[in-house]
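Just so we're aligned, residue 483 is where the sequence shown starts under the working numbering, counting upward by one.
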Amino acid sequence: MQFIILLRGVNVGGKNRVLMSDLKQYLVNAGFTSVRSYINSGNLIVESEKDSEQDVLEKCQKILSDHFSYPIKVVIISDEKYQAALASIPFWWGEDEDYKHNALFLLPSVNKKEIVELLSSIETTYEKIYIGEHVIFWSSSFKQNYSKTYYSKLSSQPFYKKVTIRNRNTTLKLRKLLEN
483 MQFIILLRGV NVGGKNRVLM SDLKQYLVNA GFTSVRSYIN SGNLIVESEK
533 DSEQDVLEKC QKILSDHFSY PIKVVIISDE KYQAALASIP FWWGEDEDYK
583 HNALFLLPSV NKKEIVELLS SIETTYEKIY IGEHVIFWSS SFKQNYSKTY
633 YSKLSSQPFY KKVTIRNRNT TLKLRKLLEN
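Below you can see the structure in the form of structure tokens.
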């Protein structure tokens, strides 16, 4: 089975540097096969015939804590769950070129009910939010009225530390990589 590994906050602005080539080797050493990465921002795909999502999560957490001196949060999602999540992409996600389109993946420790309550209370005049089973699809005005969106203030909110975010292009590219 294939799994997507999404690291939170690595190689952004020179902080939390993780060489993907090193990490790929650590994953191979841990028994994963067909280890691939996409761009340098913590997107990996691995295969394992025997591991569950929880097993992959535990192995990744151990690798990260053993090899890096700073905490790195990680999301693991199986090929099957990822494909199902992307099958439910709302029609508007990616439709408007003046909007920013992102996929938010909840960290394993997050209480999804709290997130649903928070996001359900957001005024969505300048943004659209769809809360899926495994992914939150979020489109927000970008060229006009961006400062009026909740998304523009996201990095200062406690919610921000509970997700790892990928833009639309990366989200769709990871799906293609799973299919190859």
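Note that CB positions come from ideal geometry on N, CA and C, so glycine has one too.
Since we're looking at a predicted model, the values are computed, not measured.
What residue range does the beta strand (DSSP E) around residue i cover?
{"i": "residue 557", "result": "556-560"}
{"i": "residue 647", "result": "645-649"}
{"i": "residue 526", "result": "525-529"}
{"i": "residue 520", "result": "515-520"}
Going by DSSP, what residues sit across from residue i in a beta bridge?
{"i": "residue 609", "result": "622"}
{"i": "residue 585", "result": "619 and 648"}
Go through its chain and collect everything with a Cβ distance to residue i's Cβ below 6 Å, but skip five positions before and after it.
{"i": "residue 526", "result": "487 and 519"}
{"i": "residue 538", "result": "485 and 558"}
{"i": "residue 649", "result": "584"}
{"i": "residue 523", "result": "493"}
{"i": "residue 634", "result": "628"}
{"i": "residue 530", "result": "514"}
{"i": "residue 509", "result": "517 and 528"}
Tell me which residue opens and which closes the alpha helix (DSSP H) that residue i is part of.
{"i": "residue 484", "result": "From DSSP, residue 484 is part of no alpha helix (DSSP H) but of the beta strand (DSSP E) over 484-489."}
{"i": "residue 492", "result": "Neither: residue 492 is in no alpha helix (DSSP H) and is coded neither H nor E."}
{"i": "residue 500", "result": "Residue 500 -> no alpha helix (DSSP H), and no H or E assigned at all."}
Going along the chain, which residues of its own chain have a beta-carbon closer than 8 Å to the beta-carbon of residue i, five neighbours each way excluded?
{"i": "residue 578", "result": "621"}
{"i": "residue 594", "result": "588"}
{"i": "residue 655", "result": "520"}
Skipping 5 residues on each side, what residues in its chain have a beta carbon closer than 7 Å to that of residue i?
{"i": "residue 611", "result": "601, 604, 618 and 620"}
{"i": "residue 560", "result": "483, 485 and 535"}
{"i": "residue 570", "result": "614"}
{"i": "residue 632", "result": "604 and 609"}
Using the Cβ count rule (16 or more neighbours within 10 Å means buried), how would you classify residue i?
{"i": "residue 642", "result": "exposed"}
{"i": "residue 513", "result": "exposed"}
{"i": "residue 609", "result": "buried"}
{"i": "residue 623", "result": "buried"}
{"i": "residue 499", "result": "exposed"}
{"i": "residue 501", "result": "exposed"}
{"i": "residue 653", "result": "buried"}
{"i": "residue 598", "result": "exposed"}
{"i": "residue 541", "result": "buried"}
{"i": "residue 580", "result": "exposed"}
Does DSSP put residue i in a helix, in a strand, or in coil?
{"i": "residue 510", "result": "helix"}
{"i": "residue 603", "result": "coil"}
{"i": "residue 538", "result": "helix"}
{"i": "residue 598", "result": "helix"}
{"i": "residue 570", "result": "coil"}
{"i": "residue 553", "result": "coil"}
Can you check whether the C-beta of residue i is within less than 8 Å of a C-beta belonging to chain D?
{"i": "residue 656", "result": "Reference to chain D is not applicable here, since this structure consists of a single protein chain."}
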